[in-house]
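One point on numbering: in this note's numbering, the residue at position 169 of the sequence shown is 189, and numbering is uninterrupted.
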Amino acid sequence: MRWACIVLPQLALDAVLRRCADPAAPLVLLSGPAQRRVLQAVNPAARALGLRPGQSLNAAQALSRDFATAEYDTQQIERCQRFLAAWAYRFSSQVSLHYPRALLMEVESSLALFGPWPRFEARLRAELQALGFRHRITLAPNPAAARVLANAHDGLAIADAAALRQQLEQLPIERLGLPREVASALARMGLRTLRQVLDLPRDGLARRFPAEMLRHLDTLLGLRPLALDCYSPPDHFDERIELNFDVESHQALLFPLRRLIHDLAAYLAGRDSGVQRFVLHLEHRARADSLVAVGLLGAERDATLLFELTRERLERLQLPAPVEALRLQARDLPDFVPAHANLFDERAQQTLAWEQLRERLRARLGDAAVQGLGVHADHRPEQAWRPYSAAATTVPGATGPRPGWLLAEPLALDDAAPRLLAGPERIESGWWDGNDQRRDYYLIETSSGQRAWAFRPVGSAGPLWLHGWFA
């Protein structure tokens, strides 16, 4: 087996920066009581101003006031880890959150689907960068070794046990993931690398150090398995973004909305499902949430489409008060079946598929504005169909040819000598509702070459009545 470890070195910062319109602006995360606020993390732009983790807020403001602040939220870190685990689930069925701020993925069984490791790794990095998370990735024959190697390397890939042992033996003691007191004791003994530790008699190490140390070293070398709890994605999506200031315009809500929609799309891809209904909550300070409900006729998971549909509905909403947070909830997550397409699609790239066009029209004009046609059990042509607002269009079934354009009211045919092509087809129906019709229908061709559908009342020798045109 081969395991990949994705370490997220600044997960707390990334959780905030990915919600900012300008991630390059100076930002610090604060923790501690109100009377002594301390800088917990700083981004590179803030570090360039001389700010460092551990400084008090007063000391940082003495150096510069040109930086934004946010709260160091441990719960947000956990939410981001779970979200990334759901994202990784699309690539591997064995994903674990065993280590903090890291993902473990078994990738041996995924290489046949996603290609050799260099290509697979490039895809993981590209998607993590698009999601807004900094990372380091390593590959090793066991998960514990992959995690430890990520302490000192990025991009290292080891395939066999011999190469793994050689690489681990070169690691400094402080990078092995040992408890701090154990690493300090080994350093006082003059030991600097794992190789020096392994050269010592094992029984002597067992007498001097806790048994957990030897078990950890055996796990690193692949001599002892590591028990992992594998992640299982939840059955619903629920994410929230708290805004840095109260927002009163729709335009300012689009950036956090786009981030929420892309997170939803990544989650859906991990579950191999789509979404058919979801609700966007606009949270206000002193009143109930404003709701933007989005319902689709079929399951979708394309981020661009979902964002456009939500934006159309959001812009039609009058904001009753400033918005301080966005929350997206999706519980109707049916299986996603991609639309069938031809191998050589002749549609221009800028054109939309019917399903996407239909959903955009419904979002812009309203759910009742776009309707389909459904079959109704009635032989009378004008009664044989019904409009439906939900289902896709279907053509009424018929025993004979039916025109594409049915007139709202029959008109007397003014052609003196039409040519009969087919018929008569007798239709007698409607006695139960007082609108009894008894007609003989004909397929005719007019003197100008047009094909039409016309009828004559049963028993009548009068002129034909035009009821529809064929294309």
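Beta carbons: idealized from backbone N, C-alpha and C, even for Gly.
Quick one: using the 10 Å Cβ neighbour count with 16 as the cut-off for buried, is R110 buried or exposed?
buried
Counting only the same chain and skipping the five closest in sequence on each side, list residues whose C-beta sits under 6 Å from that of A88.
L47
Over what stretch of residues does the beta strand (DSSP E) that includes P477 continue unbroken?
471-477
Opening and closing residue of the beta strand (DSSP E) in which R139 lies
Taken as a continuous stretch (DSSP letters only), R139 belongs to no beta strand (DSSP E), being part of the alpha helix (DSSP H) at 137-151.
Are the region 313-326 and the region 225-233 in contact at 8 Å, needing three or more beta carbon pairs?
no
Any chance the region 463-472 sits against the region 430-439, with 3 or more Cβ pairs inside 8 Å?
With three or more CB-CB distances shorter than 8 Å, the region 463-472 counts as touching the region 430-439.
For D352, which beta-bridge partners are listed by DSSP?
BP columns for D352 point to R297.
DSSP state of N264, grouped into three classes?
strand
Buried or exposed by the 16-neighbour rule on C-beta atoms within 10 Å, applied to F265:
The residue is exposed, with fewer than 16 neighbouring Cβ atoms inside 10 Å.
Could you spell out the range, first to last residue, of the alpha helix (DSSP H) harbouring H270?
270-291
At what residues does the beta strand (DSSP E) containing L225 begin and finish?
Element bounds for L225: not the beta strand (DSSP E) but the alpha helix (DSSP H), 222-228.
Comparing C-alpha positions only, which one of S310, P29, R85 sits nearest to R120?
The sequence shown places Pro at residue 120, not Arg. Here the closest residue by C-alpha is P29.
Residue from R200, N78, H270 with nearest C-alpha to A54:
N78
Whole-angstrom C-beta distance between R167 and A122, which should lie under 8 Å:
6 Å
According to the neighbour-count rule (16 or more other Cβ atoms, all chains shown, within 10 Å of its Cβ), is D180 buried or exposed?
exposed
To the nearest angstrom, report how far apart F153 and L337 are at their CA atoms.
32 Å
Leaving aside the five residues before and after L440 along the sequence, list all residues of the same chain whose C-beta is less than 7 Å from its C-beta, in chain order.
In its chain, beyond the 5 residues on either side, Y462, I464 have a beta carbon closer than 7 Å to the beta carbon of L440.
Whole-Å CB distance - L71 paired with A82, under 8 Å assumed
Contact between L71 and A82 does not hold, since their C-beta atoms are separated by about 11 Å, which reaches or exceeds 8 Å.
Hey, is the region 269-285 in contact with the region 345-355, meaning 3+ C-beta pairs nearer than 8 Å?
yes
How about L117 and Y251: do their beta carbons lie closer than 8 Å?
yes
Under DSSP, the alpha helix (DSSP H) around H236 begins and ends at which residues?
231-240
Leaving out five residues before and five after P342 in sequence, what residues of the same chain have Cβ atoms less than 8 Å from its Cβ?
Once the five neighbours on either side are set aside, the close Cβ partners of P342 are D266, V267, E268, H304, R305.
Within its chain, find whatever has a CB closer than 7 Å to the CB of Q60; leave out the 5 residues flanking it on each side and keep chain order.
L49, L50, S51, P73, Y92
Within 10 angstroms of its Cβ, does D355 collect 16 or more other Cβ (buried), or is it exposed?
exposed
Grab me the residues of P276's own chain with a C-beta within less than 7 Å of its C-beta, minus the 5 sequence neighbours each way, in chain order.
Answer for P276: R39, I261, L263, L346, listed in chain order.
Simplified DSSP assignment, three categories, for P97
Inspection of the sequence shows that residue 97 is occupied by Ile rather than by Pro. Three-state DSSP puts I97 in a helix.
How long is the line joining the alpha carbons of A323 and V314, rounded to whole angstroms?
14 Å
What whole-angstrom Cβ distance do L169 and Q187 have, given they're in contact under 8 Å?
7 Å
Within 10 Å of its beta-carbon, does T239 have 16 or more other beta-carbons around it, so buried, or fewer, so exposed?
buried
Count the other CB atoms within 10 Å of the CB of M125; is the residue buried (16 or more) or exposed (fewer)?
buried
Beta strand (DSSP E) runs contained entirely in the region 88-132, provided each spans 3 or more residues
88-91, 122-126
Starting from the Cα of L198, find the closest Cα among M209, A177, H236, A183 and give me that residue.
H236
Can you find the residues in the same chain that come closer than 7 Å, C-beta to C-beta, to L246, ignoring five residues on each side of it along the sequence?
Cβ within range, chain order: N162, P163, A164, T239.
What does a CB cutoff of less than 7 Å around R458 pick up in its chain, not counting 5 residues either side in sequence?
E448, P477, V478
If I'm right that A172 touches R195 with Cβ under 8 Å, what's the distance once you round it to whole angstroms?
The Cβ separation is near 5 Å, so the contact holds.
Is R446 helix, strand or coil when you go by DSSP?
strand
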